[in-house]
Amino acid sequence: MRHRKIGGLMTREVVGVGGDAPFKEIVRILSQHRVTAVPVVDGENRVIGVVSEGDLLRKATDRAAAPGDGPAVPGLEAWERAKAEGTRAEELMSAPPVCARPDWTAVEAARLMEVQGVKRLVVVDEADRLVGIVSRRDLLGIFLREDEDISREITEDILTGTLGLDPAGLSVEVRDGRVELSGEVPYRGMIPAVERMCAMVDGVVSVSRTRLRYEKDDTPSGGGRS
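Residue numbers for the sequence shown follow the working numbering, beginning at 3 and rising by one.
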């Protein structure tokens, strides 16, 4: 299967800031470029951290409420207070950065985002130099694949290339990313495997096997044709 790589999904034109970038400059960059975070890089363009809107908003959170503003915001933890008192990128940033490589698949990137609880990954090369950023929205782009492209990949790569099945005996219909398989496979035990492999194809939303038959029941409780 030809899983889409992060290098083809990421945003390549990324603005980075140096560690000495002041607070207001970072705010201006986020506003001008309409982004919610910016990588922090050293003199060799290696990523050392990320400053997000959340990092910057800690300063506002830490300010004492003025009379009439309502209840005071609960106090910050020590590490949050240190960020709230920061004035430069290297003091405000979250570090170490959560990074990905251009040759990672969308699945690998999505899993890392989920584990780390982040909305974006900085993409770096072998020397940890900044090459792009991939966001949740970028990863969702795989679901914009054309149905015909998905159908062709399932037929050529999975059914024919991997499983060695005769495509003439099978039908693959894809509508809005929903895959329906029909026809006959040699063994009943192949059906779950076919379904799982099709579900792993980039852009597939769901897989139905309601019309998929089998020639021989090879399961422990089997007994002949379907």
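Backbone N, C-alpha and C fix where the C-beta goes; we use that ideal spot for every residue, glycine too.
Burial is judged here by how many other beta carbons sit within 10 angstroms of a residue's own beta carbon; Asp140 has at least 16 and is buried.
According to the DSSP secondary-structure assignment, Glu175 is paired through a beta bridge with Glu182. Counting C-beta atoms within 10 angstroms of its own C-beta, Met95 has 16 or more neighbours from the protein chains shown and is therefore classed as buried. The Cβ neighbour count for Asp151, taken over all protein chains shown within 10 Å, is under 16; the residue is labelled exposed.
Around the beta-carbon of Ala170, fewer than 16 other beta-carbon atoms lie within 10 Å, marking it exposed. In the three-state DSSP reduction, Val196 falls in the helix class (H, G or I).
For the pair Arg103 and Gly21, the CB atoms are not nearer than the 8 Å cut-off.
In this structure, the alpha-carbon of Ala129 lies about 16 Å from that of Ile135. Where Ala91 is concerned, there is no enclosing beta strand (DSSP E), although the alpha helix (DSSP H) around it starts and stops at 91-94. Taking Pro188 as the centre and dropping the five residues before and after it, the same chain places the C-beta of Glu217 closer than 6 Å to its C-beta, in chain order.
Close CB contacts of Val209 within its chain, under the 6 Å cut and outside five residues either way in sequence, are with Val181, Glu197, Cys200, Ala201 (chain order). By the CB criterion at 8 Å, Gly185 and Leu214 fall inside the cutoff. Between the alpha carbons of Pro99 and Val203 lies a distance of about 29 Å.
When DSSP assignments are scanned along the region 110-146, the uninterrupted stretches of beta strand (DSSP E) that are 3 or more residues long and fall wholly within it turn out to be 122-126, 132-137. For Arg215, the secondary structure class from DSSP, reduced to helix, strand or coil, is strand. Here DSSP, grouped into helix, strand and coil, assigns Arg48 to strand. One alpha carbon belongs to Val17, the other to His5, and they sit about 28 Å apart. Nearest neighbour of Ile193 by Cα position, chosen from Gly205, Gly179, Asp220, Val176, turns out to be Asp220.
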